[in-house]
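This report refers to the structure that appears directly beneath it.
In my numbering, the protein residues as written are 19 to 210.
And the structure:
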């Protein structure tokens, strides 16, 4: 009789574990999609629509970088970054390509100062940023790509505008006054 009870208990435990695993697998995808947003779609496309591979990659990123806590920026560093970003936007008018390179370098250093992997480990830095700023990280990629050449002025302008959203979240919205309106030019090259 004891053997039957043990077998039944084991079957119940196995069934419960299987049900939990299936439930978790079903909710893991939507949760990852919500968390990563456009990054989920990008990874899914890179894996040719293989949701299992995309979920695995994003889950691994989350394990590697999810515990990362951003370091605060000292006031002096914040002021320096604000001045540098304003300079990048001004230089865009005369030298869009140079502005792209400067924006990429500035974002890389800013991310490192906030506690992300350094720019010498670009892929790892982007992965970590994607865990914490999935909706903004694409702007960083666009700027890095644009800095290598190619693309017309409009594409470069769009890349810089997109990168500005990552700059703003990494500086804690420091470029905003009046309840969220951007301080300074609304677009690269606009007069203040």
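In this text, a Cβ means the ideal position worked out from N, Cα and C, and glycines have one as well.
Just so you know, these numbers come straight off a predicted model, no measurement behind them.
What residues in its chain sit with their C-beta under 6 Å from that of residue i, if we drop five residues either side in the sequence?
| i | result |
| --- | --- |
| residue 117 | 106, 109, 110 |
| residue 24 | none |
| residue 89 | 132, 133 |
| residue 32 | none |
| residue 177 | 160, 161, 164 |
| residue 65 | 71, 72 |
I'd like the list of long-range same chain contacts for residue i, defined as Cβ closer than 7 Å, with 5 residues on each side in sequence excluded.
| i | result |
| --- | --- |
| residue 187 | 151, 154 |
| residue 114 | 171, 174 |
| residue 61 | 72, 75, 76 |
| residue 135 | 142, 143, 146 |
Compare the Cα-Cα distances from residue i to each of the options and report the closest residue.
| i | options | result |
| --- | --- | --- |
| residue 131 | 94, 159, 119, 148 | 94 |
| residue 68 | 81, 54, 47 | 47 |
| residue 182 | 139, 163, 122, 166 | 122 |
| residue 51 | 28, 158, 148 | 148 |
| residue 82 | 167, 185, 20, 142 | 142 |
| residue 78 | 54, 140, 66, 63 | 54 |
Once you ignore the five residues that flank residue i on each side, which residues in its own chain have a CB closer than 8 Å to its CB?
| i | result |
| --- | --- |
| residue 97 | none |
| residue 102 | 120, 124 |
| residue 167 | 115 |
| residue 137 | 123, 126, 127, 129, 130, 143 |
Assuming residue i and residue j are in contact, meaning their beta carbons sit under 8 Å apart, how far apart are those beta carbons, in whole angstroms?
| i | j | result |
| --- | --- | --- |
| residue 86 | residue 189 | Wrong, their Cβ atoms sit about 17 Å apart, outside the cutoff. |
| residue 180 | residue 156 | 6 Å |
| residue 128 | residue 58 | In fact, because the Cβ distance is near 25 Å, the residues do not count as touching under 8 Å. |
Could you tell me which uninterrupted alpha helix (DSSP H) segments, each at least 4 residues in length, are contained entirely in the stretch 86-155, listed from first to last along the chain?
Complete alpha helix (DSSP H) runs here, min 4: 93-112, 114-131, 140-150.
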